[in-house]
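Each residue of the sequence shown is one higher than the one before, counting from 13 in the numbering used here.
Each residue gets a CB set at the ideal place from its N, CA and C atoms; glycine is no exception.
Source: prediction; values computed, not measured.
Here's the structure, in C-alpha coordinates; my notes come after.
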Amino acid sequence: MRMNAPTKIIPTEEVNLLHAKLCRVVGDPKRIQILYALAESPCSVGTLAELLDVPQPTVSRHLAVLRESGLVNTTRDGTSVYYSIAVPEMIDVIESMRAILRTVINRQANTLEDDTAITE
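Spelled out as C-alpha coordinates, the structure:
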(Lines of atoms letter the chains of each structure in order from A; the text may use other names.)
(Lines give C-alpha, C1' and ligand atoms only; values in the text may rest on other atoms or scores of the structure.)
Protein backbone atom coordinates (compact mmCIF):
# COMPACT_ATOMS: atom_id res chain seq x y z
CA MET A 13 0.00 0.00 0.00
CA ARG A 14 1.47 3.34 -1.07
CA MET A 15 1.11 6.26 1.32
CA ASN A 16 0.57 9.79 0.07
CA ALA A 17 2.96 12.54 1.12
CA PRO A 18 1.61 14.99 3.70
CA THR A 19 -0.24 17.89 2.11
CA LYS A 20 -0.01 20.24 5.08
CA ILE A 21 3.08 22.27 5.78
CA ILE A 22 5.23 20.59 8.40
CA PRO A 23 6.17 23.04 11.18
CA THR A 24 9.78 24.11 11.49
CA GLU A 25 12.10 22.52 14.04
CA GLU A 26 11.98 25.72 16.11
CA VAL A 27 8.18 25.62 16.26
CA ASN A 28 8.28 21.93 17.19
CA LEU A 29 10.76 22.63 20.00
CA LEU A 30 8.57 25.44 21.39
CA HIS A 31 5.54 23.16 21.14
CA ALA A 32 7.34 20.41 23.04
CA LYS A 33 8.44 22.90 25.71
CA LEU A 34 4.86 24.11 26.20
CA CYS A 35 3.64 20.51 26.46
CA ARG A 36 6.22 19.86 29.19
CA VAL A 37 5.01 22.96 31.05
CA VAL A 38 1.40 21.76 31.06
CA GLY A 39 2.43 18.13 31.49
CA ASP A 40 2.54 18.43 35.27
CA PRO A 41 -0.71 17.53 37.09
CA LYS A 42 -0.30 20.33 39.67
CA ARG A 43 0.22 22.91 36.95
CA ILE A 44 -2.94 21.72 35.25
CA GLN A 45 -4.81 22.14 38.55
CA ILE A 46 -3.34 25.63 38.95
CA LEU A 47 -4.47 26.60 35.45
CA TYR A 48 -8.00 25.35 36.14
CA ALA A 49 -8.10 27.31 39.41
CA LEU A 50 -6.84 30.48 37.73
CA ALA A 51 -9.36 30.07 34.92
CA GLU A 52 -12.04 30.50 37.61
CA SER A 53 -10.52 33.63 39.17
CA PRO A 54 -7.17 35.26 39.98
CA CYS A 55 -5.53 33.89 43.14
CA SER A 56 -2.59 34.55 45.41
CA VAL A 57 0.04 31.88 46.04
CA GLY A 58 -1.38 31.31 49.52
CA THR A 59 -4.91 30.82 48.21
CA LEU A 60 -3.71 28.36 45.58
CA ALA A 61 -1.65 26.46 48.15
CA GLU A 62 -4.67 26.13 50.41
CA LEU A 63 -7.03 25.26 47.56
CA LEU A 64 -4.73 22.56 46.16
CA ASP A 65 -3.43 21.37 49.55
CA VAL A 66 0.16 21.88 48.42
CA PRO A 67 3.00 23.66 50.25
CA GLN A 68 3.32 27.32 49.27
CA PRO A 69 6.93 26.96 47.98
CA THR A 70 5.78 24.18 45.64
CA VAL A 71 2.99 26.37 44.26
CA SER A 72 5.47 29.24 43.83
CA ARG A 73 7.81 27.03 41.79
CA HIS A 74 4.96 25.87 39.54
CA LEU A 75 3.73 29.45 39.09
CA ALA A 76 7.24 30.55 38.11
CA VAL A 77 7.32 27.92 35.35
CA LEU A 78 3.84 28.93 34.15
CA ARG A 79 4.76 32.63 34.25
CA GLU A 80 8.02 32.08 32.34
CA SER A 81 6.10 30.22 29.65
CA GLY A 82 3.60 33.07 29.31
CA LEU A 83 0.59 31.10 30.56
CA VAL A 84 -0.04 33.20 33.68
CA ASN A 85 0.13 36.90 34.51
CA THR A 86 0.81 38.63 37.80
CA THR A 87 -0.90 41.67 39.28
CA ARG A 88 0.35 43.44 42.39
CA ASP A 89 -2.16 44.84 44.87
CA GLY A 90 -0.20 46.47 47.67
CA THR A 91 1.96 43.73 49.12
CA SER A 92 -0.10 40.92 47.58
CA VAL A 93 0.59 39.34 44.19
CA TYR A 94 -2.30 37.76 42.30
CA TYR A 95 -1.92 35.31 39.47
CA SER A 96 -4.34 35.02 36.57
CA ILE A 97 -4.48 32.89 33.47
CA ALA A 98 -2.93 34.71 30.51
CA VAL A 99 -4.10 32.28 27.84
CA PRO A 100 -7.62 31.07 28.69
CA GLU A 101 -7.59 28.97 25.51
CA MET A 102 -5.13 26.65 27.25
CA ILE A 103 -8.06 25.20 29.20
CA ASP A 104 -9.71 24.34 25.86
CA VAL A 105 -6.48 22.65 24.77
CA ILE A 106 -6.34 20.63 28.01
CA GLU A 107 -10.00 19.64 27.57
CA SER A 108 -9.27 18.54 23.98
CA MET A 109 -6.37 16.44 25.24
CA ARG A 110 -8.68 14.84 27.81
CA ALA A 111 -11.19 14.00 25.08
CA ILE A 112 -8.40 12.34 23.11
CA LEU A 113 -7.31 10.49 26.26
CA ARG A 114 -10.87 9.17 26.74
CA THR A 115 -10.89 7.96 23.12
CA VAL A 116 -7.54 6.20 23.53
CA ILE A 117 -8.60 4.58 26.82
CA ASN A 118 -11.87 3.38 25.28
CA ARG A 119 -10.05 1.93 22.27
CA GLN A 120 -7.58 0.15 24.53
CA ALA A 121 -10.42 -1.23 26.65
CA ASN A 122 -12.20 -2.47 23.52
CA THR A 123 -8.99 -4.07 22.26
CA LEU A 124 -8.51 -5.77 25.62
CA GLU A 125 -12.11 -7.05 25.53
CA ASP A 126 -11.58 -8.34 21.98
CA ASP A 127 -8.34 -10.08 23.01
CA THR A 128 -10.07 -11.65 26.01
CA ALA A 129 -12.94 -12.90 23.85
CA ILE A 130 -10.50 -14.51 21.42
CA THR A 131 -8.68 -16.42 24.17
CA GLU A 132 -11.85 -17.73 25.80
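Query	Result
Assumed close pair Ala61, Gln68 - CB separation to whole angstroms, cut-off 8 Å	4 Å
Identity of the residues DSSP links to Asn85 by a beta bridge	Ser96
Beta-bridge partners of Cys3, as assigned by DSSP	As shown, the chain starts at 13 and ends at 132. That puts residue 3 outside it, with no answer to give.
Ser53 in three-state terms, based on DSSP	coil
Meets three-Cβ-pair contact criterion under 8 Å: the segment 88–105 and the segment 44–59	yes
CB of Ser81 within 7 Å of CB of Val57, strictly	no
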